[in-house]
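Below is one structure, written out as structure tokens; comments come after it.
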């Protein structure tokens, strides 16, 4: 009869394991409810060994947050082809996949967790927002956005964040409906801005011209027409 031998991990491999374990725990409970002892137990190592790789829970939280931020930013990456509405709907599906998988951690990050006020934490959150902003501009084919377009895109990203946080508090609205609603919100914000500015109007016309009759943007137009008809 043979017995298993625990393989000794290298420094970086152990660090990555601890980050993964911490991220899993932070994803299921608010980070300030998770102790170093729990992280050590889940990783199968001693508490002092955790401190050998990370000076404290804050540094481990920030490392886990970096991995989560990289993951979340990657959810906005989408091939720039096909109708914009369909692309945004796929992005929202992946975004809510992340929110669903990392609910408590996502909520703690956006509402303030053990690293609240940390310049490192704030920079990571801002990096995700900037990545999302850059991706949306890429989908719109705009490299030097006018002020109104920047306002629309950044407002929509903030709306997606707040919608996800509200949804996590009870999940009272079907997730799929919210994903479509956020795509509609983007179209609506763009339309309101277009009513004020010809440059935005030209952008909206270009976007709508490529939308299919069964796409989310056309669906919104149909719904609004039915309301006022």
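In the numbering used here, the protein residues as written are 181 to 409. Idealized CB from N, CA, C, for every residue including glycine.
The alpha helix (DSSP H) spanning residue i covers which residue range?
i           : result
residue 257 : Element bounds for residue 257: n/a, residue is neither H nor E.
residue 402 : 396-408
residue 328 : 327-348
residue 310 : 299-320
residue 368 : 355-374
residue 278 : 264-281
residue 206 : 191-208
residue 214 : Careful: residue 214 lies outside any alpha helix (DSSP H) and carries neither H nor E.
residue 378 : 378-389
residue 227 : 227-233
Going by the beta-carbon positions, is the gap between residue i and residue j smaller than 8 Å?
i           : j           : result
residue 255 : residue 271 : yes
residue 211 : residue 285 : yes
residue 314 : residue 339 : no
residue 371 : residue 358 : no
residue 278 : residue 355 : no
residue 253 : residue 199 : no
residue 216 : residue 201 : no
residue 268 : residue 363 : yes
residue 235 : residue 390 : no
residue 203 : residue 214 : no
What whole-angstrom Cβ distance do residue i and residue j have, given they're in contact under 8 Å?
i           : j           : result
residue 348 : residue 283 : 5 Å
residue 369 : residue 335 : 6 Å
residue 245 : residue 304 : 5 Å
residue 318 : residue 249 : 19 Å between Cβ atoms; not a contact.
residue 367 : residue 400 : 5 Å
residue 337 : residue 312 : 5 Å
residue 194 : residue 233 : 6 Å
At the 8 Å Cβ level, is residue i part of the contact set with chain D, yes or no?
i           : result
residue 189 : This model lacks chain D altogether; it includes just one protein chain.
The region 370-380 in contact with the region 322-330 per 3-pair CB rule at 8 Å: yes
Given 8 Å, three or more beta-carbon pairs between the region 219-227 and the region 298-314: no
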